[in-house]
Every structure is written in C-alpha cells, then in structure tokens.
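What the sequence shown shows, in my numbering, is residues 165 to 387, in sequence order.
Don't be surprised by glycine CBs; every beta carbon is placed ideally from N, CA and C.
Here the structure comes first, spelled out in structure tokens, and everything after it is commentary.
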Amino acid sequence: MGVWQCCLLKRGGCHLDGAPATELDDDIKNTPELSQKLFRVNSVYIPNSYDHKGKLVLWFSHFKAVIDSLGISYYTSWWSSPDHFGPDEYANALSAMIGKKISGKELLEIGERIHNVEKAFNILHAGFTRKDDYPPSIFFDEPIKSGQFKGGKLIRSKYDKMLNEYYEENKWDKLSGLQYEKYLYKCSATFSPNTKFVKCVSSSFYNRNYGCRHDLCYYYRWH
Numbered sequence: 165m166g167v168w169q170c171c172l173l174k175r176g177g178c179h180l181d182g183a184p185a186t187e188l189d190d191d192i193k194n195t196p197e198l199s200q201k202l203f204r205v206n207s208v209y210i211p212n213s214y215d216h217k218g219k220l221v222l223w224f225s226h227f228k229a230v231i232d233s234l235g236i237s238y239y240t241s242w243w244s245s246p247d248h249f250g251p252d253e254y255a256n257a258l259s260a261m262i263g264k265k266i267s268g269k270e271l272l273e274i275g276e277r278i279h280n281v282e283k284a285f286n287i288l289h290a291g292f293t294r295k296d297d298y299p300p301s302i303f304f305d306e307p308i309k310s311g312q313f314k315g316g317k318l319i320r321s322k323y324d325k326m327l328n329e330y331y332e333e334n335k336w337d338k339l340s341g342l343q344y345e346k347y348l349y350k351c352s353a354t355f356s357p358n359t360k361f362v363k364c365v366s367s368s369f370y371n372r373n374y375g376c377r378h379d380l381c382y383y384y385r386w387h
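Now the structure itself:
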C-alpha cells in the first residue's frame, strides 16, 4: 500500500503522506478481524496483498487530511498503530476544545472534502490524469533485490484493478482519473453553483484516446 499511495499523493511521492506504518505493524493481535473493524477491509496487515487496497488507500487519504488539519503528529494515530488514536478519539478531543459536538464520521467527511479540493487543484494547475497515478516502470519490471520482499515486484494488471477500485471509491472517472462536476458540488462547500467549470477534454478527444464518449470530466476555475 505504501508504494502505491505514494504514487497518488497530491503533493508528490513522500513517505510522510503515503506510507502508513500500520501496514507493517506485525503485532500478533493485528488480525483480519481487527482490520475489518477499524478500516472496513480485512487486508491492512497483509503488506503484499492487493485485495481492497484501493479502499484502504482512500480511507487513509481522508484520515491523513484530518490529522494534518488538526496539527497533530500522525504517529499518535492509527497511521502508526491500531493502539493509537482513531477518528472518534480525535473527534472527542476536538469537540471538547471547540464546544461543539463533532463525530469521527464527520471528521472523515471533512477529510474527503480536503482530498477532493487538492485533487481539483492538481488537475487545474498540473493537468494530472490517470497516467500520473502510476509508479516508474522499474517497479513493474525489476524485482526487489533484498530484504523481506526480495524477488517481489508490482503486477500491472493487479495495480490497474486497484486503481479502478480507488477511483470508484472516490466517485471519479475510471478511464481518466478526473472528477465529476456533480460530485464536487456534493462533497465540498468550496464549490457552489457559481463556480465556473471548464471542460478539460472534448468528446472527440476522449473517444480518440479512451475509446468512448465522455462529457463529464472537468478542469476547474474559481472566481
């Protein structure tokens, strides 16, 4: 998950945003059942598993956005170990500080909005699409030479499947990796009916490059 999440970071590849230590926490109590309870997938403690990692990466993207916004070290959180704090604990602490009740679920929804605004910024200013969510080819072509995962390398077909799952969970377009206008309105107060949307690709361009018609991918311009 760490290598893959680094490829999806909005600020560029970095272990400080893209490599949760939770995945490598080999405490005996870290069972598939605990993984399912905390993250709603059962594979978080299996580093070389591709199963459900698209969902897991998205969960951590929302969670990390919350931690950064609170100004708290992520080593106090589930990012590092399930023994540490999760969304509900942070929500309780924040509620006590601001005098307004907020739930862990609401915190993750805030993280979702941050995640999508950052994605929109990169689409506008860097033109990022699906092709930018892949690692260098060496990760697919050359096996690891030493260490715990010696001989391993990424399998492109499984990577593509994970990426599709990630886009589906994000409610983004799978072919391009771009966001939908209607979802941005729904997920973020940053966007309103007065926001100007500019199409990033024409239907003919999309048909030529992706083999189908598509009119719902957008770049963004704020006024």
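Under the criterion of beta carbons closer than 8 Å, L172 and D297 qualify as touching, at roughly 6 Å.
Annotated three-state conformation of F227 is helix, per DSSP.
Put simply, of Y349, R294, T186 the residue whose alpha carbon is nearest the alpha carbon of E276 is Y349. The Cβ-Cβ distance between V230 and L271 falls below 8 Å. Where I210 is concerned, there is no enclosing alpha helix (DSSP H), because DSSP gives it neither an H nor an E.
Pairing K322 with E306 gives a Cβ-Cβ distance that is not under 8 Å.
One Cα belongs to V221, the other to H279, and the distance between them is close to 12 Å. For Y323, the enclosing alpha helix (DSSP H) covers residues 320-334. Separation of the CB atoms of G218 and E345 is rounded to 23 Å, and the pair is thereby denied contact status at 8 Å. Sorting H226, N212, L202, V208 by C-alpha distance to the C-alpha of V281 places H226 at the top. Residues S207 of the same chain have their beta carbon placed closer than 6 Å to that of D215, with the five preceding and five following residues left out of the count.
When secondary structure is reduced to three states using DSSP, Y239 falls in the helix class.
Contact check for F304 and R320: beta-carbon distance about 5 Å, within the 8 Å limit, so the pair qualifies.
Residue nearest to N256 within the set P196, L339, I266 is I266 (criterion: CA-CA distance). Beta-bridge analysis with DSSP links F249 to S241. Judged by DSSP secondary structure, E306 falls outside any alpha helix (DSSP H); it is assigned neither H nor E.
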